[in-house]
Amino acid sequence: MKVTVVGSGYVGLVTGACLSEMGNHVVCLDVDARKIQMLNEGGIPIFEPGLKEMVHRNAAAGRLQFTTDITAAVGHGTIQFIGVGTPPDEDGSADLQYVLAAAASIGRHMTDYKVIVDKSTVPVGTADKVRAAVQAELARRGLSMEFAVVSNPEFLKEGAAIDDFMRPDRIIVGADDERAVLLMRALYQPFMRNHDRMQLMDVRSAEFTKYAANAMLATRISFMNELALLAEKVGADIEMVRKGIGSDPRIGTHFLYPGTGYGGSCFPKDVKALVYAGKENGVRLGVLEAVEAANDRQKHVLVDKVVARYGDNLQGRAFALWGLAFKPNTDDMRDAPSRTVIAELTARGAIVQAYDPVAMDEAARVMPGMPGLHYAAGWMQALEGADALLVVTEWKEIRNPDFEAIKSTLKEAVVFDGRNLYEPALMQALGIHYQAVGRGLPG
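Structure follows, in structure tokens:
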């Protein structure tokens, strides 16, 4: 099948690569000429395990192309995915300017039937706006042409996006056009040979499903983070509690890990957008307001522990920071807890010596010239001359580090663990002052 993907960022590039992997001829369109040049020269603008190899493989086979030519891209695919960004406005609402600009471009250049697919995370009612934008351009051209607008939200976890797309647990399709449904089913058939994972519904329900899913996951994280704060006060171990409640099949084990708060491109933005949608429709979403407030508070937990031990004036002190990205296996720094930790520590006069295996270039881009922030050459190098270690991102290679080397390199054997990677009893036995999130034996 011939497919066009508008937008070559995270959603668009993963979608284009995975569809081409199944034999489709995909053209990825982007207005950013530098990004398209990078892709055509073999570069990848984001870090995602397996993506670079998949892009190179399908580009070499001629199934995946990148262009800034809007006319050619719109003319190419019967199915036109819109996978552009929907950043939050100041009031928390989703900014649809890029989505609607993409829709208008399709309407401006289409010459036959198109299925226009909203792949970006968009508020309920966006499909109507997309339809109106396309219709307005057709009317301006004096044309009457059939087209369909479909909602097909992505459910991709950063760090596991390729696997999520290639082996989906569900494919949500919101459509009211029978021809469009048949085309979408044909496109996704190779991804569900063993089991029909496509769930058909009306467009507005499909749009709502994406927001509801992310809001539920964010709620579980904030709920556990609040319980962790209480566990510290009453002397309980939140990790034991997590295992205890997670063994209940009604609850399950996913997204119950306490830490330094959620970040990334989805949860913060989507919770804000859903709260805004509630206000716009006269429904206060108090639970989600609390979720957002709890998450903002949680990003300060590690710094609060540092200040409790060393005082508010951190002049002359240095801290090693392990992990910058909001989660492992990505370089995404959007709303990453590390940014709050770094800002709070350096504002108090501290030096932060940070290391992350993939996110340091992106961190330097989003925190240019941050006073007091230095990037180390490796995990152990970050410890040199530091008063204590702060663990912020749970990369696999630091789940079982050389604790004796940590002790001998730090000025003091002090670890603030924002991801609960280590056992308090073991750390105490090793002579390391250890503070985690919501755990007993604070050291």
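Once you know that position 105 of the sequence shown is 113 in our numbering, the rest is easy, because the numbers rise by one and skip nothing.
Yeah, the Cβ is synthetic: ideal placement off N, Cα and C, and Gly gets one too.
> Is the CB-CB distance between Ser332 and Thr401 below 8 Å?
Replying inline: Note that residue 332 is Leu in the sequence shown, not Ser. Yes, they are a contact pair.
>> Once DSSP output is grouped into helix, strand and coil, what is the label at Ser159?
In response: strand
> Quick one: what does DSSP say Ala444 is sitting in, helix, strand or coil?
Replying inline: coil
> Hey, Glu215 and Thr338 are a contact pair by Cβ (cut 8 Å); roughly how many whole angstroms apart?
Replying inline: The Cβ separation is near 25 Å, so there is no contact.
> Among Gly439, Pro345, Ile114 and Asp171, which has the Cα closest to the Cα of Gln143?
Replying inline: Ile114
> Ordered along the chain, which non-local residues of its own chain (more than five positions away) have a Cβ less than 6 Å from that of Phe411?
Replying inline: Leu438
> When we look at the beta-carbon of Thr468 and count the other beta-carbons within 10 Å, is it buried (16 or more) or exposed?
Replying inline: The requested residue 468 does not occur in the structure, where the chain is confined to residues 9 to 451.
>> With three or more C-beta pairs closer than 8 Å as the rule, is the region 355-371 touching the region 420-429?
In response: no
>> Here's the rule I'm using: 16 or more other beta-carbon atoms within 10 Å means buried, otherwise exposed. How should His84 be labelled?
In response: buried
>> Give me the DSSP bridge partner(s) of Pro96.
In response: Ala102
> Among the residues of its own chain, which have a CB less than 8 Å from the CB of Glu405, if the five just before and after it don't count?
Replying inline: Pro365 and Trp387
>> Can you find the residues in the same chain that come closer than 7 Å, C-beta to C-beta, to Thr79, ignoring five residues on each side of it along the sequence?
In response: His117
>> For Val63 and Leu72, I'd like the C-alpha separation in whole angstroms.
In response: 7 Å
>> On the CB-based measure, 16 or more other CB atoms within 10 Å of its CB, does Ala223 come out buried or exposed?
In response: buried
>> Quick check on the burial criterion: 16 or more other C-beta atoms within 10 angstroms. Buried or exposed for Pro450?
In response: Because Pro450 sits at a pLDDT of 45, beneath the cut-off of 50, its placement in the model cannot be relied upon, and the point is left open.
> Can you tell me whether Ala421 is buried or exposed, with buried defined as 16 or more other CB within 10 angstroms of its CB?
Replying inline: buried
> In the structure shown, what three-state DSSP assignment does Leu6 receive?
Replying inline: No answer is possible for residue 6: it lies beyond the span of the chain, which begins at 9 and ends at 451.
> Asp278 by DSSP, collapsed to three states: which one?
Replying inline: helix
> Just curious, the beta strand (DSSP E) that Ile180 is in, first and last residue?
Replying inline: Ile179 to Gly182
> Any idea which residues DSSP pairs His382 with across the strands?
Replying inline: Gln361
> Roughly how many whole angstroms lie between the Cα atoms of Thr23 and Gly324?
Replying inline: 48 Å
>> Is it the case that the region 164-174 contacts the region 45-60, given that we only count it when at least three CB pairs across the two stretches are under 8 Å?
In response: yes
> Cβ atoms of His382 and Val360: under 8 Å apart, would you say?
Replying inline: yes
> What's the C-alpha gap between Asp126 and Ala413?
Replying inline: 51 Å
> Skipping 5 residues on each side, what residues in its chain have a beta carbon closer than 6 Å to that of Pro95?
Replying inline: Asp103
>> Going by DSSP in three states, Thr12 sits in which element: helix, strand or coil?
In response: strand
> Roughly how many whole angstroms lie between the Cα atoms of Met435 and His203?
Replying inline: 47 Å
> Per DSSP, what kind of secondary structure is Asp320 in: helix, strand or coil?
Replying inline: coil
>> Looking at the secondary structure, which residues open and close the beta strand (DSSP E) in which Lys1 lies?
In response: Residue 1 lies beyond the residue range present for the chain, which begins at 9 and ends at 451; the question has no answer from this structure.
>> For Thr268, count the other beta carbons within 10 Å of its own beta carbon; 16 or more makes it buried, fewer makes it exposed. Which is it?
In response: buried
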